[in-house]
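>
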Amino acid sequence: MMSMMEFPQPATIQEAIAIQQQLQRQVRIYDDFATLLRIGAVDVSYSKKTNHAYATYAIFRLPALTLEAVYRHSAEVTFPYVPGLLSFREIPVLLPIFQRGAPLPDLLLVDGQGIAHPRFFGIAAHLGIVLNVPAIGCAKSRLVGVHKPVGVIRGSYQWLFYKHRIVGAVLRSRTKVRPLYISPGHRVSIPTAVQLVQRWISRTRLPDPIRFVDQQTRRYRQQLEA
DNA sequence: GCGACAG
DNA sequence: ATCTTGTCGC
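Per my numbering, the first sequence runs over residues 1 to 226.
(1) Would you tell me roughly how many angstroms separate the C-alpha atoms of Arg174 and Gly84, rounded to the nearest one?
(2) For the stretch 178 to 189 and the stretch 133 to 142, state whether three or more C-beta atom pairs, one from each stretch, are separated by less than 8 Å.
(3) Taking the alpha carbon of Ala53 as the reference point, which residue from Leu94, Leu36, Phe60 has its own alpha carbon closest?
(4) Would you say the stretch 109 to 125 touches the stretch 10 to 25, given that touching needs at least three Cβ pairs under 8 Å?
(5) Kindly confirm or deny that the stretch 105 to 114 and the stretch 191 to 209 touch, where touching means at least three C-beta pairs closer than 8 Å.
(6) Within the same chain, show all residues whose beta-carbon is closer than 7 Å to that of Pro10, passing over the 5 residues directly before and after it, in chain order.
(7) Quick one: Cα of Leu23 to Cα of Gln158, how far?
(8) Nearest to Thr78 by alpha carbon, out of Thr204, Ile210, Pro8, Arg72?
(9) Just how far apart, CA to CA, sit Ser47 and Leu127?
(10) Go ahead and pull the three-state DSSP assignment for Leu62.
(11) Should Ser141 be labelled buried (16 or more other beta-carbon atoms within 10 Å of its own) or exposed?
(12) Classify Pro103: buried if its beta carbon has 16 or more other beta carbons within 10 angstroms, exposed otherwise.
(13) What is the DSSP secondary structure of Glu6, counted as helix, strand or coil?
(14) Beta strand (DSSP E) containing Gln158: first to last residue?
(15) For Ile58 and Leu67, which I take to be in contact (beta-carbon distance under 8 Å), what is that distance rounded to the nearest angstrom?
(16) Less than 8 Å between the beta carbons of Val44 and Glu76, yes or no?
What follows is the structure in C-alpha cells.
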C-alpha cells in the first residue's frame, strides 16, 4: 500500500494505464461521508507559450457556499494531454497544494470525469483516491458513454451508460445550455452526485465552486505571465 | 482500419 | 486547455 499523497510519475502510456487499472480497484461508489461542512473545487490552467501550468484549490463553507480560502501552485507540465490520462497531467500541479498542508474538504468537485472513463478512473476518481476524499467529476463534455436525449429544461437529466454500466448522468444544469457530465469520483453515489451538483448551480451552466476556481485559475495565470 | 477523444 | 471581441439570441 502506497503512503498518502504519493504520486508515481509514469514514463509511458502503458505504465500510466497500468497504474489506473491498479488504483481503480480502490474506488468506492457509494455515499461515504459525514455532514458536509466544507466543499472544495480544483482546476488547472495552461500557458500556450511556456510549458507552465497553474492550479487553484478553493474551499467553501456550507450551507451558504462562503469562500473560506484559496490556494495556488504553478509547475512545469510533465505529461502530455492524452484523452483518458488527464490526471497524470493535472494532479502533479495540484498535489503540492495539499502536501503543503491545505485543509482537505468534506467533498471535492473536479473539472473532469469521475468513473465515466475508459477504465472507470478519471481525474476525479484519481484525486479522490490519492487524497482519500469524497469527490465528484463535473465535466463540460463527454469522454465515454451513451445516453438518451436530455430534456432542454433545467434539471433534466439522463443516465450515462458505458460498457453495460451506469457511470454517471448527463445533466441540463440550465435551460437550453449544453449539458454537464456528472460522475462519481470516489465515496459518492451517482444519485447523490447529481443532487449535490444541482444544489450548487445558481445562474450559470457550471456549479458555482467550479466556475469560481475556473476564473481564479485564469487570473492567476495571466497575473504570473504579465 | 476508421473515428472518437475530459482538460 | 489556449488563441481572441464583439455580437446574435433567448
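Even for Gly, the Cβ is constructed at its ideal location relative to N, Cα and C. For clarity, every value in this text was computed on a predicted model and none was experimentally measured.
According to the structure data:
(1) In the first sequence, counting from the first residue as 1, residue 174 sits at position 174. In the first sequence, counting from the first residue as 1, residue 84 sits at position 84. So the alpha carbons of these two residues sit roughly 27 Å apart.
(2) yes
(3) By 1-based counting over the first sequence, the position of residue 53 is 53. It is Leu94 whose Cα lies nearest to the Cα of Ala53.
(4) yes
(5) yes
(6) The residue given as residue 10 occupies position 10 in the first sequence. So the list reads Ala16, Ile19, Phe88, once near-sequence residues are dropped.
(7) Reading the first sequence from its first residue, position 23 is the one you call residue 23. Reading the first sequence from its first residue, position 158 is the one you call residue 158. Taking the straight line from one Cα to the other gives about 28 Å.
(8) Here residue 78 refers to the residue found at position 78 of the first sequence. It is Pro8 whose Cα lies nearest to the Cα of Thr78.
(9) The sequence position of residue 47 within the first sequence is 47, counting from 1. The sequence position of residue 127 within the first sequence is 127, counting from 1. Ser47 and Leu127: Cα-Cα distance of roughly 23 Å.
(10) Here the question's residue 62 lines up with position 62 in the first sequence. The answer is coil: DSSP assigns Leu62 none of H, G, I, E or B.
(11) As a first step, residue 141 must be located in the first sequence, where it is residue number 141. Per the 10 Å Cβ criterion, exposed.
(12) As a position in the first sequence, residue 103 is number 103, starting the count at 1. With fewer than 16 Cβ atoms within 10 Å of its Cβ, Pro103 is classed as exposed.
(13) For the purposes of this step, residue 6 is taken as the residue at position 6 of the first sequence. Coil.
(14) The sequence position of residue 158 within the first sequence is 158, counting from 1. It spans 157 to 162 - the beta strand (DSSP E) in which Gln158 sits, taken as one unbroken run.
(15) Taking the first sequence and counting its residues from 1, the one referred to as residue 58 is at position 58. Taking the first sequence and counting its residues from 1, the one referred to as residue 67 is at position 67. It should be pointed out that residue 58 corresponds to Ala in this sequence rather than to Ile. Yes, Ala58 and Leu67 are in contact; Cβ-Cβ is about 7 Å, under 8 Å.
(16) For the purposes of this step, residue 44 is identified with residue 44 of the first sequence, where counting begins at 1. For the purposes of this step, residue 76 is identified with residue 76 of the first sequence, where counting begins at 1. Not closer than 8 Å, so no.
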